[in-house]
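Asker: Numbering (UniProt numbering), first residue to last: 1 to 275.
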Amino acid sequence: MSAGAASGALFARLFDDAALFPPGNAPMAAAVPAHQRRDSPLVGPFVLPAARLAEVGAHLDQDRPPLPVALIAAPGDLPAAAAAIARHPGLRLAAVEAPVAVDAAQARAAVRVMAAELPPGLPTAVEIPRTAGRAEVLDVLAGTGCRAKLRTGGPRADLFPAPGELAATIRACAARGIAFKCTAGLHNAIRHIDPVTGFEHHGFLNVLLAADDPADAEAHLRRTGGARIAAELRAWSPARAARARSVFTSFGTCDVAEPVHDLVQLGLLSEKIHA
């Protein structure tokens, strides 16, 4: 697979723009214009908590297309937030994500409200708990078309699941036919230790390999050989790439240029993303 083919089949809309979130914590006044300036098929929607929806309008460039929003909203906040976006000419609802559901009851509430309030086919996700409640929440999502949102890091070491834990969650999703997205911690393509924090980060290409091959997910998540991983991905057929991406749909990153730079360095993309 050429770099251009890899870009189209493997990485289209893989990088959701989570500039507002740690560790980037970009101000709204910078994050919104930066997203609107980008014209890249690699970048997904602008991730926005419902609590900050009122801040967006002042920073929109009305001469550009509506800002695609991935709205994070609890079930009780979703109807009003979705209606506000629908009324705003400068915004477009592109996806909805519910905060972590700790048990089946919370998962059912989120799925029920999203089904009632959102147009058919809109991508939705519910964050999965890292507890014994994981199985029952995934059981609720199975067959609904709603994706699982997997937490893969954060500002504390305990927010990074071990390879065995993340692999088990990926296998649990696969067993139920549930696609997933990831949030936090996937700053780079390959598994590595952050030199500043000392935290061991999962690599997003490792997660992609695990999505393609859930039976060996833990082994894929532990790999660190970037050149070899890149060579394997270049050999994927377009059909295999599409299947893997139908499982691992996207992940939020506070700096979309950082993971793209890794792909350029590995020879999987031909040029860096432009701000």
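The beta carbon of each residue, even a glycine, is placed where N, CA and C say it ideally should be.
Keep in mind it's a predicted model, so treat the numbers as computed, not measured.
When DSSP builds the beta bridges, which residues end up paired with T124?
Answerer: Numbered from its first residue, the sequence shown carries residue 124 at position 124. T124 pairs with V96.
Asker: Hey, out of F248, L266 and A217, whose CA is closest to R234's CA?
Answerer: The residue you call residue 234 lines up with position 234 of the sequence shown. Looking at the Cα atoms, L266 is the closest of the given residues.
Asker: Using the Cβ count rule (16 or more neighbours within 10 Å means buried), how would you classify R134?
Answerer: Within the sequence shown, residue 134 is the residue found at index 134, counting from 1. Result: buried.
Asker: Which residue from V140, K181, H59 and T124 puts its Cα closest to that of L150?
Answerer: Working through the sequence shown from its first residue, we reach residue 150 at position 150. Ranking V140, K181, H59 and T124 by Cα distance to L150 puts K181 first.
Asker: When the Cα of G153 is compared with those of P65, L71 and D194, which residue comes out closest?
Answerer: Along the sequence shown, one-based indexing puts residue 153 at 153. Taking only the C-alpha atoms, the option nearest G153 is D194.
Asker: Looking at L221: is its Cβ nearer than 8 Å to the Cβ of P163?
Answerer: Along the sequence shown, one-based indexing puts residue 221 at 221. Along the sequence shown, one-based indexing puts residue 163 at 163. Cβ distance < 8 Å, so L221 and P163 count as in contact.
Asker: Just reading off the alpha helix (DSSP H) that A110 is part of, what are its end residues?
Answerer: Within the sequence shown, residue 110 is the residue found at index 110, counting from 1. A104 to E117 is the span of the alpha helix (DSSP H), which, as asked, contains A110.
Asker: Assuming I170 is part of the alpha helix (DSSP H), what are its boundary residues?
Answerer: Along the sequence shown, one-based indexing puts residue 170 at 170. Taken as a continuous stretch (DSSP letters only), the alpha helix (DSSP H) holding I170 covers P163 to R176.
Asker: So the beta strand (DSSP E) P238 belongs to, where does it begin and stop?
Answerer: By one-based count along the sequence shown, residue 238 stands at place 238. Not the beta strand (DSSP E): P238 falls in the alpha helix (DSSP H), residues P238 to V247.
Asker: Between L141 and A107, how many whole angstroms is the CB-CB distance? I'm expecting something under 8 Å.
Answerer: Counting from one through the sequence shown, the residue named residue 141 turns up at place 141. Counting from one through the sequence shown, the residue named residue 107 turns up at place 107. Yes, L141 and A107 are in contact; Cβ-Cβ is about 7 Å, under 8 Å.
Asker: Hey, A148 and A115: beta-carbon distance below 8 Å or not?
Answerer: Along the sequence shown, read from residue 1 onward, the residue named residue 148 stands at position 148. Along the sequence shown, read from residue 1 onward, the residue named residue 115 stands at position 115. The answer is no: Cβ separation not under 8 Å.
Asker: Taking all protein chains shown into account, do 16 or more other C-beta atoms lie within 10 angstroms of the C-beta of V96, making it buried, or fewer, making it exposed?
Answerer: Here residue 96 is taken as the residue at index 96 of the sequence shown, counted from 1. Looking at its Cβ environment, which holds 16 or more other Cβ atoms inside 10 Å, V96 is buried.
Asker: Report the start-end ranges of each alpha helix (DSSP H) in the region 245-269 that is 4 residues or longer and not cut off at the edges.
Answerer: Runs found: 257-265.
Asker: Compute the Euclidean distance between the alpha carbons of D255 and G24, then round it to the nearest angstrom.
Answerer: By one-based count along the sequence shown, residue 255 stands at place 255. By one-based count along the sequence shown, residue 24 stands at place 24. Computed Cα separation, rounded: 7 Å.
Asker: What did DSSP end up calling L71 once you bin it into helix, strand or coil?
Answerer: Residue numbering aside, residue 71 sits at position 71 when the sequence shown is read from its first letter. It is a strand residue.
Asker: Where does R191 sit, in a helix, a strand or coil, going by DSSP?
Answerer: Walking along the sequence shown from the start, residue 191 turns up at place 191. Coil.
Asker: What do you reckon, are the CB atoms on A157 and T249 nearer than 8 Å?
Answerer: The residue labelled residue 157 in the question sits at position 157 within the sequence shown. The residue labelled residue 249 in the question sits at position 249 within the sequence shown. Going by C-beta atoms, A157 is not nearer than 8 Å to T249.
Asker: Helix, strand or coil for A6, going by three-state DSSP, please let me know.
Answerer: Start at 1 with the first residue of the sequence shown, and residue 6 comes out as number 6. Annotation note: pLDDT 48 at A6 (below 50); position unreliable, no value reported.
Asker: Mind checking who H201 pairs with in its DSSP beta bridge?
Answerer: For the purposes of this step, residue 201 is identified with residue 201 of the sequence shown, where counting begins at 1. According to DSSP, which records beta bridges pairwise, H201 is partnered with H192.
Asker: Just confirm the distance between the C-beta atoms of A189 and F204, as a whole number of angstroms; I'd bet it's less than 8 Å.
Answerer: If you number the sequence shown from 1, residue 189 lands on position 189. If you number the sequence shown from 1, residue 204 lands on position 204. 6 Å between Cβ atoms; contact.
Asker: Where DSSP assigns a beta bridge to A148, which residues make up the other side?
Answerer: Along the sequence shown, one-based indexing puts residue 148 at 148. Paired residue(s): V126 and F180.
Asker: If R92 and L67 are in contact, beta carbons under 8 Å, what's the gap, nearest whole angstrom?
Answerer: Locating residue 92 in the sequence shown gives position 92, counting from the first residue. Locating residue 67 in the sequence shown gives position 67, counting from the first residue. At roughly 7 Å, the Cβ-Cβ gap stays under 8 Å, so R92 and L67 are in contact.
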